[in-house]
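When you read off a place in the sequence shown, starting at 1, and then add 45, the result is the number in the working numbering. A quick write-up on the structure given underneath.
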Amino acid sequence: MRSICLRIPAARRVLDFGCGSGWVVAEAEYESACQVFGIDCSLQALSSAKKRHIRLAAADGVQLPFADEAFDVVVGHVSMPYMNTRKALSEVFRVLAPGGSFFLTFHSFYYWRERLRSSVKARNWKDILFMGYVAANGFLNHHGLSQAQLWWRPSWFETVNTPRGVFRSARLAGFDMITTEDGTRRIFFAATGRKPNPSGGVVLPAPEWSIYCGLARRLQPAARARSQSA
C-alpha cells in the first residue's frame, strides 16, 4: 500500500521535488489542466518516471533549474532527507509564486533508530558510523545550526529532522502558516507552509493529504501548527 495520498488544489503548475519514479503526483488528485514537473538527481529514477507523463529534469534540489515564482505548489515525499534542509527550503520558497504552498515529508529520529537497530543487528559497521553523521545533521538542524557535508564524499548527504528544526528552517526561508506533524511515532512526518502574498492577490488552498501506515488511517490535512519561538 502506498503511504501518501495527495489532493492538489486548483494549481496551474506543480513541482514534484525529488520525484523518484513519479508515483506521488501520478497517484494524486489534480485537475487535468495542471502542468506537472518533476526533478530528481537520479537518472535511473527519472527514466522510470518518463511513463508518468511528467515533465522531468535532472537537478539538485538546492539548485533548481527554474525561474523565480515558477510554481504554485511544491510536493515531495522523503526527498528532503538527502538535501540540506535550510538550502532546499530556500529554493522551494524561491520557485513558489506568492500565495503558493508546499507539502514535504522528512525522515524522523524514529526512522534513524529503526535503521540503526537493523545495522547493529547486521553488524554493518560502515552504516552504523554513517548514521552517527545523519543524527548529527538532524541535531544541528534542530538547534538552528548549519548542517555538515562529508568532505571526502561531497555527493553524499543525509539527515533526519525534527518538527522544530523544519519549522525553523521554513520560517527562515520566508514561509508562513507552517504546520508540522508529531515526528515521534512514524519513520517520516509531514510539513506544509505557504509563501506570503504581500500584494493580497490569489492565495491557493494548500494540498490535502492522507498518510497510511499499515491499516489506512486518515490524518488531518492541517496537522498541528507549531508556534514555538526560535
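We treat Cβ as the ideally placed atom computed from N, Cα and C, and that holds for glycine. Everything numeric in this text was worked out from a predicted model, so none of it was measured.
Check: Return the Cβ separation of Met125 and Leu161 in integer angstroms, given the expectation that the two are a contact with Cβ distance under 8 Å.; Outcome: Their Cβ separation, rounded to whole angstroms, is 20 Å, which puts Met125 and Leu161 out of contact at 8 Å.
Check: Cutting at 6 Å between CB atoms, please list the residues of its own chain near Ala215, excluding the five before and the five after it.; Outcome: Leu134, Ile223, Gly238
Check: Please classify Ile49: does DSSP put it in a helix, a strand, or coil?; Outcome: strand
Check: Would you decide whether Leu281 is buried or exposed? Buried here means 16 or more other CB atoms lie within 10 Å of its CB.; Outcome: Since the first and last residues shown for the chain are 46 and 275, residue 281 lies out of range.
Check: What are the start and end residues of each continuous alpha helix (DSSP H) run of 4 or more residues lying completely inside the region 187-215, in chain order?; Outcome: none
Check: Touching or not, the region 152-171 and the region 204-221, by the rule of three or more beta carbon pairs under 8 Å?; Outcome: yes
Check: Where are the alpha helix (DSSP H) runs, 4 residues long or more, that stay fully inside the region 74-120, in chain order?; Outcome: 88-94
Check: Rounded to whole angstroms, what is the Cα-Cα separation between His188 and Ala167?; Outcome: 32 Å
Check: Can you give the Cα-Cα distance for Ala235 and Phe212, rounded to whole angstroms?; Outcome: 11 Å
Check: Below 8 Å on the Cβ atoms is my guess for Ala103 versus Asp85; work out the distance and round it to an integer in Å.; Outcome: 7 Å
Check: Check whether the Cβ atoms of Ile49 and His122 lie closer than 9 Å to each other.; Outcome: yes
Check: So for Phe175, helix, strand or coil by DSSP?; Outcome: helix
Check: Output needed for Ala180: all residues of its chain with C-beta closer than 7 Å, excluding positions within five of it in sequence on either side, in chain order.; Outcome: Trp157, Val205
Check: How far does the alpha helix (DSSP H) with Ala236 in it extend, from its first residue to its last?; Outcome: Taken as a continuous stretch (DSSP letters only), Ala236 belongs to no alpha helix (DSSP H), being part of the beta strand (DSSP E) at 233-239.
Check: Taking just the CA atoms, how far does Asp61 sit from Ser146?; Outcome: 12 Å
Check: If you reduce the DSSP assignment to three classes, tell me which class Thr225 lands in.; Outcome: strand
Check: Residues bridged to Leu141 by DSSP?; Outcome: Phe116
Check: Going by DSSP, what residues sit across from Thr130 in a beta bridge?; Outcome: According to DSSP, which records beta bridges pairwise, Thr130 is partnered with nothing at all.
Check: Count the other CB atoms, across all protein chains shown, that sit within 10 Å of the CB of Ala142; report buried if there are 16 or more and exposed otherwise.; Outcome: buried
Check: Using the C-alpha atoms, what's the distance from Ser164 back to Ile173?; Outcome: 6 Å
Check: Taking all protein chains shown into account, do 16 or more other C-beta atoms lie within 10 angstroms of the C-beta of Glu74, making it buried, or fewer, making it exposed?; Outcome: exposed
Check: Determine the burial state of Met46: buried for a count of at least 16 other Cβ atoms within 10 Å of its Cβ, exposed for fewer.; Outcome: With a pLDDT of only 37 at Met46, under the threshold of 50, the placement of this residue in the model should not be trusted; the figure read from the coordinates follows. Looking at its Cβ environment, which holds fewer than 16 other Cβ atoms inside 10 Å, Met46 is exposed.
Check: Enumerate in chain order the residues of its own chain whose CB-to-CB distance from Val81 is below 6 Å, with the five nearest sequence positions on each side excluded.; Outcome: Val59, Val70, Ile99
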